[in-house]
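Visitor: Residue numbers (this note's numbering), protein chains in the order written: chain A, 1 to 308; chain B, 309 to 688; chain C, 689 to 939.
Virtual Cβ for every residue (Gly too), placed ideally from N, Cα, C.
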Amino acid sequence: MFGDYSLGDLGAILAMQGFAGLILFSVYVLMALGLAIIFGQMGVINMAHGEFMILGAYVTWMTSTTVQHYAPWLFPGYFFIAMTLAFIASGSLGMLVEWAMIRHLYRRPLDTLLATWGLSLILQQAYRSVFGAREVGVELPDWMMGSWQATDSIQIPINGMFVMALTILITIAVSYVLFWSSWGKQVRAVVQNRVMAGAVGINTEKVDRYTFGLGCGIAGIAGSAFTMIGSTGPTAGQLYIVDTFLVVVFGGAASLLGTIASAFSISQTQSTLEFFMSGSMAKVITLLTIVAILMMRPQGLFALKVRK
Amino acid sequence: MIINSRFFNRSELIGFVSLAVLLFLILPLSLDIFRLNLVAKYLTYAFVGIGLVLCWGYGGILSLGQGVFFGLGGYCMAMFLKLEASSVANTKIQSTPGIPDFMDWNQLTAVPMFWKPFYSFPLTVLAIIIVPGIFAFIIGAAMFKRRVGGVYFAIITQAIAAILTILIVGQQGYTGGINGITDLRTLYGWDIRTDHAKFILYFVEVVLLFGCIIAAQFIRLTKLGRILVAMREQEDRVRFSGYSVANFKIFAFCAAAIFAAVGGAMFTLEVGFMSPSFVGIVPSIEMVIYTAVGGRMSIFGAVYGSLLVNFAKTMLSESFPQLWLFGLGGLFIAVVLAFPSGLSGIWADYVQPRIDRLLSSRKPKAAWTESSVADGAPAE
Amino acid sequence: MLIGHQPKEFLLAVSGLTVSFDGFKAVNDLSFYVEENEIRVIIGPNGAGKTTVLDLICGKTKATEGSIQFRGKELTKLKENEIVKTGVGRKFQTPSVFEDLSVFENLEISFPRGRSVFGSLTFQRDAKVKERVEEVAEMIFLKDKLSTYADELSHGQKQWLEIGMLLIQDPDLLMLDEPVAGMSVSERAKTAELLNRIIKNRSVLVIEHDMKFVEDIAHKVTVLHQGQILSEGTMEKVKNDPKVIEVYLGH
């Protein structure tokens with residue numbers, strides 16, 4: 001099997017495969033972060049998370065087309081505008097959804113799951129009606145094209161590196177918000193004891209709404225980043241939702257670090273397996289492994305042992 | 309009221325009889341064979357729905373992977389029919405005659421081992437029950453013994469549906485791939501594609517459906533049914549009353565799986581093929597919505613829910629394909645937010661009282677409001 | 689193990705029991721013994737580990753170390769439902785009854801027959817069941833509410849119903865977690881009367897804060913503090929124990 005490759009080639013292939021895994025990892029992390037906030041902090045299963053992500057992708061696509069048309073001089077930096085807009089769009093939609101739907105369902109997690117699935121269908125159809133069924137892709141500014149020649153045989157695409165850098169940045173920002181800012185403390189206070197948090201003057205409804213909004217907003221950014229490496233269609237979000245949920249559950253729902261570690265192990269496993277077998281079999285084996293591990297350790301890999 | 313040993317109470321009896329009249333008389337007499345066959349197709353989902361009523365409505369276990377069992381039942385049946393359709397005479401033009409066409413296209417030269425039992429119809433019927441049953445048992449035992457429940461169970465069953473779909477699509481040579489197992493013709497030489505056969509199959513299916521309804525009603529009325537309800541509310545209390553909660557959950561999940569599998573097998577017979585598009589995440593969750601619309605606590609509701617939602621689906625997606633997803637999505641949200649007990653709840657709240665009032669002039673309310681012994685605060 | 693040659697009269701022998709949650713020892717090297725027909729009350733400040741002790745005995749929480757012997761059987765190795773079958777009944781702090789079922793059905797579920805899956809499928813509501821359910825319903829003041837759904841009961845009635853569900857199991861060891869908490873004065877008096885009636889012929893382990901109530905019923909009191917026994921003995925002895933006084937009144 002490896003006979004045709006020299007040792008150097010093999011190393012290069014492994015490195016590049018590893019890098020492909022890292023890009024997958026970035027997408028997982030970005031999507032899972034938002035989901036982990038919403039699920040881990042609020043216990044809400046948001047099946048429409050993928051569609052919030054796609055909203056971000058469409059916003060990015062619209063921004064890129066608009067900028068190209070009306071303000072070409074902005075084009076090299078349009079991505080940063082797009083990302084902000086994506087965050088705002090998905091975040092506000094998230095807050096609206098929380099207000100209209102989710103807040104009535106906090107005690108019924110299974111029903112939330114069904115209702116958000118319904119929402120995802122509506123959003124998918126809305127995208128199809130507005131943007132068409134065809135997949136759309138953005139044009140990258142020049143500086144994001146091409147790749148960086150690490151060695152003679154190792155090429156690393158710049159857009160991939162950009163997405164990874166973005167992931168790191170956003171992860172740091174989210175951890176800051178959740179763990180060090182006073183708002184994050186409020187969120188965690190509400191998670192631990194809603195009644196008590198309300199009693200000490202925290203507006204729990206507001207905290208819920210902003211938490212949900214933040215999670216959805218991050219999904220929007222994820223969608224924005226997603227356009228850098230792939231094209232977007234109305235149903236693209238659905239393809240990722242189960243994988244992402246597994247990432248979150250596998251990591252232990254309430255642990256941000258666990259989410260990242262699980263995204264890393266899952267994406268690396270999958271991309272490494274893809275080297276040895278067909279993509280579909282790689283996915284089957286990855287998913288089966290996760291399911292098997294979850295059956296043995298239902299609380300996820302990184303959950304603490306607590307008294308219930 | 310409590311010490312009621314009758315199998316159906318009055319309103320259930322009315323429900324049972326009217327459903328029987330509808331399915332055995334009205335629909336076959338009023339619909340042409342094309343439409344009747346559509347009804348037959350819709351009714352295959354009612355099998356899944358009845359299982360979900362037991363497992364989700366009563367037991368509180370939401371499985372988002374019922375398509376897996378529907379598919380397993382359907383594939384078992386399809387494998388038998390495909391083998392019968394792939395006789396040497398029918399497949400002369402293949403490079404290996406006598407094996408299913410898709411195997412030939414994928415350079416297989418012999419029928420794989422796990423296909424062999426499906427040469428026999430009795431074994432096939434057995435497999436339709438046993439395979440999904442065992443599969444559900446393994447999943448259920450692994451998860452419920454370790455107290456995986458609620459949303460975790462839902463997500464994991466969904467993942468299993470995804471895995472099975474990817475596997476079926478990926479293993480073309482063994483499963484027929486994305487197209488599924490198609491071009492099914494005869495059952496013991498009896499051509500299932502003719503109008504006459506479809507008419508008969510419809511009745512076979514309705515009889516089986518009533519078998520499932522009666523089985524589900526039986527389970528519901530035994531102590532097991534009450535334990536399921538009890539478990540849904542206070543799992544620990546059931547455990548500390550001396551029951552193994554996991555075993556009851558496994559039972560409900562297996563029963564639901566077997567019902568679904570029977571539906572799947574009938575689907576293959578009625579529609580003439582089976583494909584992964586009835587196995588995956590999307591069909592599985594749609595099956596849940598049929599049940600939710602009918603009323604997650606109502607066995608008859610599951611039947612009506614399957615009929616109505618699928619009827620709406622056919623109507624809307626024929627004439628306004630864009631509206632269908634909006635409608636379905638809206639249905640999910642509405643049924644959860646506004647009508648958690650679905651059609652049967654609406655019936656019980658608005659229609660039934662009127663019928664009762666018409667039928668009897670006696671006052672219908674039970675007198676439970678007599679003064680209480682204690683002066684404690686009302687329940688939270 | 690210490691308790692290898694335990695004299696027969698101990699119904700429950702807890703020795704060296706320890707449980708830690710991520711390093712925090714909620715119960716630390718705890719040992720105590722309950723005799724046949726003894727009424728033992730566990731008291732102690734919040735967070736002393738009282739409920740955890742009951743959780744450990746009934747199997748809700750798994751012990752990190754130590755042993756719990758009930759009639760010579762090691763409970764730490766059994767599952768919750770198996771522990772129930774050995775004769776241990778547990779009432780929770782907040783009333784946990786089945787609100788979507790009637791009082792009759794609530795009691796019937798606890799009737800110790802047909803507890804396996806197939807047993808419950810073939811379970812018959814025969815005269816014996818009805819008789820027993822009615823008998824217990826009478827004891828817990830709910831005789832005329834048999835067909836009422838449990839969610840229509842008051843808080844106190846739910847507490848009684850749960851006690852009734854335990855009675856119908858006829859356990860040898862009855863564990864009650866704050867049975868009178870949240871009850872009105874008249875309910876409390878009735879509950880004391882009820883408890884006094886049902887504790888005959890069995891051992892009872894009660895957690896309670898209401899000192900008046902404790903004094904009324906306790907044979908022996910165990911004071912827990914930070915997962916360990918601070919003092920044990922008659923109410924009189926415990927009340928005068930300087931360590932107890934310090935924990936309750938000190939600082």
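(1) Check whether chain C comes within 9 Å of residue 320(B), counting only Cβ atoms and requiring the distance to be less than that.
(2) Counting contacts by CB-CB distance shorter than 9 Å, is residue 619(B) in contact with chain A?
(3) In the DSSP assignment, find the unbroken beta strand (DSSP E) run with residue 743(C) in it and report its ends.
(4) What are the boundary residues of the beta strand (DSSP E) that includes residue 913(C)?
(5) Would you please verify whether the beta carbon of residue 867(C) is less than 9 Å from any beta carbon of chain B?
(6) Measuring CB to CB, does residue 378(B) end up less than 9 Å from residue 586(B)?
(7) What residue ranges within the region 203-258 of chain A form continuous beta strand (DSSP E) runs of no fewer than 3 residues, ordered along the chain?
(8) For residue 501(B), collect the residues of the same chain with a Cβ closer than 7 Å to its Cβ; drop the 5 residues on either side in sequence, then sort them by chain order.
(9) Counting only runs that start and end within the region 535-602 of chain B, where is the beta strand (DSSP E) found for 3 or more residues in a row?
(10) Mind checking which residues open and close the beta strand (DSSP E) that includes residue 752(C)?
(11) Looking at the secondary structure, which residues open and close the beta strand (DSSP E) in which residue 712(C) lies?
(12) List the whole-angstrom C-beta distance separating residue 294(A) from residue 286(A), where the pair is believed to meet the contact cut-off of C-beta under 8 Å.
(13) Give the secondary structure of residue 175(A) by DSSP, where H, G and I count as helix, E and B as strand, and everything else as coil.
(14) Closer than 7 Å between beta carbons: that is the criterion. Which residues of the region 230-250 of chain A meet it against chain B?
(15) Tell me, to the nearest whole angstrom, how far the beta carbon of residue 94(A) is from that of residue 52(A); I am working on the premise that it is less than 8 Å.
(16) Does the beta-carbon of residue 623(B) have 16 or more other beta-carbons within 10 angstroms, so that it is buried, or is it exposed?
(17) Taking only beta carbons into account, state which residues of the region 325-340 of chain B come closer than 9 Å to chain A, listed in chain order.
(18) Please identify, using Cβ separations under 7 Å, the residues of the region 541-572 of chain B that lie next to chain C, in order along the chain.
(19) So is residue 492(B) in contact with chain C if we call contact Cβ pairs under 9 Å?
(20) Which residue marks the beginning of the beta strand (DSSP E) containing residue 779(C), and which one marks its end?
(21) Are at least three pairs of beta-carbons, each pair with one atom in the region 324-343 of chain B and one in the region 511-525 of chain B, less than 8 Å apart?
(22) Spell out a yes or no on whether the region 567-582 of chain B and the region 482-492 of chain B are touching, meaning 3 or more CB-CB pairs, one atom from each, closer than 8 Å.
(23) Give the residues of chain B in contact with residue 769(C), contact being defined as C-beta atoms less than 7 Å apart.
(24) Any C-beta of chain C sitting closer than 9 Å to the C-beta of residue 590(B)?
(25) With a threshold of 16 other CB atoms inside 10 Å of the CB of residue 903(C), please say whether the residue is buried or exposed.
(26) How many Å lie between residue 148(A) and residue 131(A) at the Cα?
(27) By DSSP's criteria, residue 709(C) is part of a beta bridge. Which residues make up the other side?
(28) Residue range of the alpha helix (DSSP H) that residue 632(B) falls in?
(29) Against chain A, which members of the region 446-469 of chain B pass a CB distance test of less than 8 Å?
(30) Under DSSP, the beta strand (DSSP E) around residue 157(A) begins and ends at which residues?
(31) Would you say residue 750(C) reaches chain B, if we count a Cβ-Cβ gap shorter than 9 Å as a contact?
(32) Would you call the CB atoms of residue 113(A) and residue 370(B) closer than 9 Å?
(33) So, with DSSP's three-state summary, where would you put residue 319(B)?
(34) Identify, in the order they occur along the chain, each residue of the same chain with its Cβ nearer than 8 Å to the Cβ of residue 635(B), setting aside the five sequence neighbours on each side.
(35) Assuming the contact rule is C-beta atoms closer than 8 Å, residue 647(B) and residue 641(B) should be a hit. Round their C-beta distance to whole Å, please.
(36) Using a C-beta cutoff of 9 Å, does residue 442(B) count as contacting chain A?
Guide: Let's see:
(1) Chain C has no Cβ within less than 9 Å of the Cβ of residue 320(B).
(2) Not an interface residue.
(3) Premise fails: residue 743(C) lies in the alpha helix (DSSP H), 738-746, not in any beta strand (DSSP E).
(4) First-last of the beta strand (DSSP E) with residue 913(C): 908-913.
(5) Closer than 9 Å: no.
(6) Yes, Cβ-Cβ distance for residue 378(B) and residue 586(B) is below 9 Å.
(7) For the region 203-258 of chain A, not a single whole beta strand (DSSP E) run of length 3 or above is found.
(8) Same-chain partners within the cutoff: 493 and 580.
(9) You should have found no qualifying run.
(10) Per DSSP, residue 752(C) belongs to no beta strand (DSSP E) and is neither H nor E.
(11) Counting along the chain, residue 712(C) sits inside the beta strand (DSSP E) bounded by residues 712-723.
(12) In this structure, residue 294(A) and residue 286(A) do not form a Cβ contact; the two beta carbons are roughly 13 Å apart against a cut-off of 8 Å.
(13) Here residue 175(A) sits in helix by DSSP.
(14) Those would be 242, 245, 246 and 249, in chain order.
(15) Between residue 52(A) and residue 94(A) the Cβ distance is about 6 Å, and since that is below 8 Å, they are a contact.
(16) Exposed, since its Cβ has fewer than 16 Cβ neighbours within 10 Å.
(17) Within the region 325-340 of chain B, no residue qualifies.
(18) Legend: CB atoms of the region 541-572 of chain B lying less than 7 Å from CB atoms of chain C belong to residues 541, 542, 544, 545, 547, 548, 549, 550, 551, 552, 555, 556 and 559.
(19) It does not; no Cβ of chain C falls within 9 Å.
(20) Annotation: the continuous beta strand (DSSP E) that includes residue 779(C) extends over 776-779.
(21) Counting C-beta pairs with one atom in each stretch, the region 324-343 of chain B and the region 511-525 of chain B have three or more that are closer than 8 Å, which means they touch.
(22) The way I'd put it, the region 567-582 of chain B does touch the region 482-492 of chain B; three or more beta-carbon pairs between them come closer than 8 Å.
(23) Simply 547, 550, 551 and 552.
(24) Contact of residue 590(B) with chain C is not assigned, every C-beta pair being separated by 9 Å or more.
(25) Within a 10 Å sphere around the beta-carbon of residue 903(C) sit fewer than 16 other beta-carbons, which makes this residue exposed.
(26) Cα to Cα, residue 148(A) sits roughly 34 Å from residue 131(A).
(27) In the DSSP output, where bridge partners are listed per residue, residue 709(C) has 712(C).
(28) According to the DSSP assignment, residue 632(B) belongs to the alpha helix (DSSP H) that extends over 629-645.
(29) Residues 450, 451, 454, 455, 456, 458, 459, 460, 462, 463, 464, 466, 467 and 468.
(30) Looking at the DSSP string, the run of the beta strand (DSSP E) that includes residue 157(A) is 155-157.
(31) It does not: the Cβ of residue 750(C) has no partner Cβ on chain B nearer than 9 Å.
(32) Cβ atoms of residue 113(A) and residue 370(B): closer than 9 Å.
(33) Three-state DSSP puts residue 319(B) in a helix.
(34) 620 and 624.
(35) Not a contact, Cβ separation roughly 11 Å.
(36) So no, residue 442(B) is outside the interface.
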